[in-house]
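Counting from 1, one number per residue, gives the positions in the sequence shown under the numbering used here. The structure appears below as structure tokens.
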Amino acid sequence: MMGSRSGANTMRSSHYGALQDIVDSLYADLGPKDAVRRLEVVVAAEAADMPCDLMEIINLLPPGSYTRQRLCDQLNSAIGGHAWGQVYGTVE
Numbered sequence: 001m002m003g004s005r006s007g008a009n010t011m012r013s014s015h016y017g018a019l020q021d022i023v024d025s026l027y028a029d030l031g032p033k034d035a036v037r038r039l040e041v042v043v044a045a046e047a048a049d050m051p052c053d054l055m056e057i058i059n060l061l062p063p064g065s066y067t068r069q070r071l072c073d074q075l076n077s078a079i080g081g082h083a084w085g086q087v088y089g090t091v092e
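Set out below in structure tokens:
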């Protein structure tokens, strides 16, 4: 049921922390001022076979380049807007 829009937003998904894994992998060999492009984020999420809800969050990213902090701010804003913080977790 998790990953569907009918689930409660208080139950932790089996995909909890999956976005953090994507962020960690994208910036593993980069410094704090280095940036990745939106396309890299989308491709990494697709390769990780993210559920529809998390792909929706990724697809909300505007085009551009993102430092780790900027990407986390954007993702957390979308996660918070959907009230999915407890379901999928936030990123840092």
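Built from N, CA and C at the ideal position, the CB exists for glycine as well.
query: Curious, which full-length beta strand (DSSP E) runs of at least 3 residues does the stretch 50 to 90 contain?; result: 65 to 67
query: Please name the residue or residues paired with V36 in a DSSP beta bridge.; result: Y66
query: For V42 and P63, I'd like the C-alpha separation in whole angstroms.; result: 11 angstroms
query: Please go through the same chain and pick out, in chain order, the residues whose beta-carbon is closer than 7 angstroms to the beta-carbon of T90, but skip the five residues on each side of it.; result: N76 and I79
query: Is there at least one Cβ from chain B nearer than 9 angstroms to V23's Cβ?; result: Going by chain labels, chain B is absent from the structure shown, which holds only one protein chain.
query: Is the stretch 25 to 34 in contact with the stretch 50 to 62, if contact means three or more CB pairs nearer than 8 angstroms?; result: no
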